[in-house]
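Take a look at the structure set out below.
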Amino acid sequence: MDWSSPNPKKKKLQHFIMFNFIVVKINLCIYCKNLEDVLETLNLIFIIVERSSLEANQLSYL
Numbered sequence: 006m007d008w009s010s011p012n013p014k015k016k017k018l019q020h021f022i023m024f025n026f027i028v029v030k031i032n033l034c035i036y037c038k039n040l041e042d043v044l045e046t047l048n049l050i051f052i053i054v055e056r057s058s059l060e061a062n063q064l065s066y067l
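Encoded structure:
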């Protein structure tokens with residue numbers, strides 16, 4: 006197995022996560038009126054994306 010080549014499943018998952026993050030961010034800008042709520046929600050989304058990234062990295066080693 007060539008470890009230097011990027012894992013296509015990992016790349017696909019990262020792109021999927023980033024796409025969903027952008028969509029959610031745009032929707033928040035449109036629908037939320039309270040800036041504090043927007044920032045808190047974006048912080049939660051960042052935590053979820055970070056955890057998903059870590060899980061994707063762990064899965065790539067299995």
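The opening residue of the sequence shown carries number 6 in the numbering used here; numbering runs sequentially from there. Even for Gly, the Cβ is constructed at its ideal location relative to N, Cα and C.
message: Please return the same chain residues whose Cβ sits closer than 8 Å to the Cβ of S57, not counting the five positions on each side in sequence.
response: Reading the sequence shown from its first residue, position 52 is the one you call residue 57. L18 and I22, listed in sequence order.
task: Using only alpha-carbon positions, find the residue among L59, E60 and V54 that is nearest to I27.
output: To locate residue 27, count along the sequence shown from 1; it is residue 22. Considering only alpha carbons, the answer is V54.
Separation of K16 from E45, as counted between CA atoms: Counting from 1 along the sequence shown, the entry for residue 45 is found at position 40. Counting from 1 along the sequence shown, the entry for residue 16 is found at position 11. Approximately 28 Å between the Cα atoms of the pair.
- request: Determine the contact status of V43 and L33, defining contact as a CB-CB distance below 8 Å.
  value: Within the sequence shown, the letter at position 38 stands for residue 43. Within the sequence shown, the letter at position 28 stands for residue 33. Yes, they are a contact pair.
query: Which value, in whole angstroms, describes the spacing of the CA atoms of L47 and H20?
result: For this step, residue 47 is matched to residue 42 along the sequence shown. For this step, residue 20 is matched to residue 15 along the sequence shown. Answer to the nearest angstrom: the Cα atoms are 18 Å apart.
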